[in-house]
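Going by my numbering, the sequence shown opens with residue 385, and the numbers climb by one from there. As structure tokens, the structure follows; a few thoughts come after it.
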Amino acid sequence: MNYSRSHGLWPAEAHCALCPADEEKNESGQAAEPTSGRLFRLSGASDRFPNRYFSEKLSKITIILVRLSRVYGQVRVQRQPASAIQGWHLPLYQQTGIPVLSKILQFTIQFVVLGLAMAFVMVFVRPDLLPALRTDPQPVRITSYADAVNLAAPSVVSIYTRTLVAQPLSTDVFDPLLRALYGDRMVTRPRRGLGSGVIVSTDGLILTTLHVISNVDNIAVALWDGRVFEARVVGADPGTDLAVLKIEVDDPLPAANFAATSKMRTGDVVLAIGNAFGLSHTVTMGIVSATGRGQLNLTALEDFIQTDAAINAGNSGGALINPAGEVVGINSASLSQTMGAQGISFAIPAALARKIMEQILEHGEVPRGWMGVDLADLTFTMQFDGTPITGARVARVDQGGPAWRAGLRAGDILISADDSSVSNARDLTLYIAQQQPGSAVELSVLRGNQLFDTSVTLIQQPPPAR
Numbered sequence: 385m386n387y388s389r390s391h392g393l394w395p396a397e398a399h400c401a402l403c404p405a406d407e408e409k410n411e412s413g414q415a416a417e418p419t420s421g422r423l424f425r426l427s428g429a430s431d432r433f434p435n436r437y438f439s440e441k442l443s444k445i446t447i448i449l450v451r452l453s454r455v456y457g458q459v460r461v462q463r464q465p466a467s468a469i470q471g472w473h474l475p476l477y478q479q480t481g482i483p484v485l486s487k488i489l490q491f492t493i494q495f496v497v498l499g500l501a502m503a504f505v506m507v508f509v510r511p512d513l514l515p516a517l518r519t520d521p522q523p524v525r526i527t528s529y530a531d532a533v534n535l536a537a538p539s540v541v542s543i544y545t546r547t548l549v550a551q552p553l554s555t556d557v558f559d560p561l562l563r564a565l566y567g568d569r570m571v572t573r574p575r576r577g578l579g580s581g582v583i584v585s586t587d588g589l590i591l592t593t594l595h596v597i598s599n600v601d602n603i604a605v606a607l608w609d610g611r612v613f614e615a616r617v618v619g620a621d622p623g624t625d626l627a628v629l630k631i632e633v634d635d636p637l638p639a640a641n642f643a644a645t646s647k648m649r650t651g652d653v654v655l656a657i658g659n660a661f662g663l664s665h666t667v668t669m670g671i672v673s674a675t676g677r678g679q680l681n682l683t684a685l686e687d688f689i690q691t692d693a694a695i696n697a698g699n700s701g702g703a704l705i706n707p708a709g710e711v712v713g714i715n716s717a718s719l720s721q722t723m724g725a726q727g728i729s730f731a732i733p734a735a736l737a738r739k740i741m742e743q744i745l746e747h748g749e750v751p752r753g754w755m756g757v758d759l760a761d762l763t764f765t766m767q768f769d770g771t772p773i774t775g776a777r778v779a780r781v782d783q784g785g786p787a788w789r790a791g792l793r794a795g796d797i798l799i800s801a802d803d804s805s806v807s808n809a810r811d812l813t814l815y816i817a818q819q820q821p822g823s824a825v826e827l828s829v830l831r832g833n834q835l836f837d838t839s840v841t842l843i844q845q846p847p848p849a850r
């Protein structure tokens, strides 16, 4: 129902702030700016306010609420005689108690307008408060790594080895009677070992560390579901301490997911899964303490991930995973507590392990370039003595080897290889080892104050001396 003056529902002195006819006129005859709007149209407000659209909308809403407050505040309804208030034909405002309702609305709208005005002024004076009012999504906080473990654990196996070792019948030197009767008779006794491995294919290929299965007679592999299989060695790489095993299965096995990127950052969370002390699928957690660790005398080629996740006896060859359940490393070794070390363990990066595995599967071994030198890092004395800050020092040259024939001698400093600067001895050793035998490497060499270039033709790396 529309209420208007023609219906007699508005008092003569009532003023409708919403009606166009009630707008004030200025001297030129145009509608003047509403008084209620002037408070929120301060000079320069749109320029200073960080969000002009928000400012204009807030001003319009406030003006409408002020006008509504005036409308309800100016409505005055005269009471009708009690005898006249009968039946449903009475005006709606008399049946529903509009006068009381208007006072309630007026009271409520006044406080709403006051609140909006205060909010407008606060944001106008302090624009820096506006970003705090936004509801940005909060990062998800991980409280459990159970999903990652459940994804990766079925692809981790427990390895048990058995070796027959010849030992004297009696080692008791204080029992001359036994020695007189049996002499130094030798007997064979089994020696057992523990390790872990990672399933890399559904048909039963397993990646592990070489020292777990080196010089053993029997290898048994226990799966996640309790089944046990005998394994054979497909190939190994002593340079990185990696080996590939194969078990014969009828049904597909759960293969591990390797991380798409090999870039691990210090501080990343990692979890180690393995057969620690014969306790299969033991899970420990830590962070990446460092990357690119070398010169540990653990293997010939070292590029380890250091972590404080516990890697105990039996963990070697197991998986180091990220919170997504992807393999980022193959657990290798840890510093002994007898050395006073705690929380210092090492893993072979997954990218390197996968590359070595592919070469083993293709060639049965890893074709690795070798130039016949021992390299060392530059000393601090050399670095402050005019020597380039980065490079690798030739500590020893095998006489008659590729480097010797190319003119390298002990004391030379290798500045670059194939137009790439040499950072340290470890990086250059890894680079040479990744080249194919027969390929040539261009080296920039510093000898004293003389800089020259030479080319070294690599050969297959000879097996390590036993």
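We treat Cβ as the ideally placed atom computed from N, Cα and C, and that holds for glycine. From a predicted model like this one, the values you see are computed outputs, not experimental measurements.
Counting only the same chain and skipping the five closest in sequence on each side, list residues whose C-beta sits under 7 Å from that of residue i.
i: Ala-643; result: Asn-706, Glu-710, Val-711, Val-712, Ala-734
i: Gly-858; result: Any property of residue 858 remains undetermined from this structure, which presents the chain solely from 385 to 850.
i: Ala-725; result: Leu-719
i: Thr-373; result: Outside the shown range of the chain (385 to 850) lies residue 373, about which nothing can therefore be said.
i: Tyr-815; result: Ala-801
i: Trp-788; result: Gly-756, Val-781, Asp-782
i: Arg-573; result: Val-549, Gln-551
i: Gly-651; result: Ile-671, Val-672
Can you tell me where the beta strand (DSSP E) with residue i in it begins and where it stops?
i: Gln-834; result: 834–841
i: Leu-704; result: 703–705
i: Pro-733; result: 729–733
i: Gln-690; result: 688–691
From the DSSP output, in three-state form, read off residue i for me.
i: Arg-831; result: strand
i: Tyr-529; result: coil
i: Asn-659; result: strand
i: Ser-716; result: strand
i: Met-669; result: strand
i: Gln-726; result: coil
i: Ala-503; result: helix
i: Ser-700; result: coil
i: Ile-543; result: strand
i: Gln-551; result: strand
i: Gln-494; result: helix
i: Ala-684; result: coil
i: Ala-824; result: strand
i: Ala-536; result: helix
What does a CB cutoff of less than 6 Å around residue i pick up in its chain, not counting 5 residues either side in sequence?
i: Ala-684; result: Gly-623
i: Ala-660; result: Thr-666, Asn-696, Gly-698, Asn-699
i: Gly-581; result: Val-541, Ile-543, Ile-590, Thr-592, Gly-701
i: Leu-830; result: Ile-797, Ile-799
i: Ile-728; result: Leu-719
i: Phe-613; result: Val-605, Ile-631
i: Asp-761; result: Asn-808, Ala-809
i: Gly-785; result: Gly-756
i: Arg-677; result: Phe-688, Gln-690
i: Ala-620; result: Leu-594, Ala-627
i: Leu-704; result: Val-654, Ala-656, Val-712, Gly-713, Asn-715, Ala-731
i: Ile-603; result: Thr-545, Ile-597, Ala-615
i: Thr-547; result: Arg-575, Val-600, Asp-601
i: Ser-839; result: Ala-824, Glu-826
Does the ligand MG have a heavy atom nearer than 7 Å to the CB of residue i?
i: Arg-611; result: In the structure shown, the ligand MG is absent, as is every other ligand, since no ligand is present at all.
Who are the Cβ neighbours of residue i in its own chain at under 8 Å, not counting the five residues just before and after it?
i: Asp-625; result: Thr-593, Leu-594, His-595, Leu-682, Thr-683, Ser-716, Ile-732
i: Ile-740; result: Asp-621, Thr-624, Leu-626, Val-750
i: Asp-531; result: Gly-709
i: Ser-664; result: Ser-542, Ala-606
i: Ala-737; result: Leu-591, Thr-624, Leu-626, Gly-713, Ile-714
i: Leu-793; result: First, the amino acid is wrong: residue 793 is Arg here, not Leu. The residues are Val-778, Val-781, Arg-831.
With 8 Å as the threshold, decide whether the Cβ of residue i is near any Cβ in chain C.
i: Asn-715; result: The structure shown has no chain C; it contains just one protein chain.
Does the region 586–594 come close enough to the region 623–632 that 3 or more CB-CB pairs lie under 8 Å? Of all C-beta pairs linking the region 623–632 to the region 586–594, three or more are shorter than 8 Å, placing the two stretches in contact.
Quick one: which unbroken alpha helix (DSSP H) runs of 4-plus residues sit fully inside the region 554–641? Chain order, please. Counting only runs of 4 or more, we get 560–566, 594–597.
Enumerated in chain order, which unbroken segments of the beta strand (DSSP E) with a length of 3 residues or greater are wholly contained in the region 736–821? As far as the region 736–821 is concerned, its whole beta strand (DSSP E) runs of at least 3 residues are 757–761, 776–781, 797–801.
Is there contact between the region 747–762 and the region 605–615, where contact requires at least three CB pairs shorter than 8 Å? The region 747–762 and the region 605–615 do not touch, with fewer than 3 CB-CB distances between them shorter than 8 Å.
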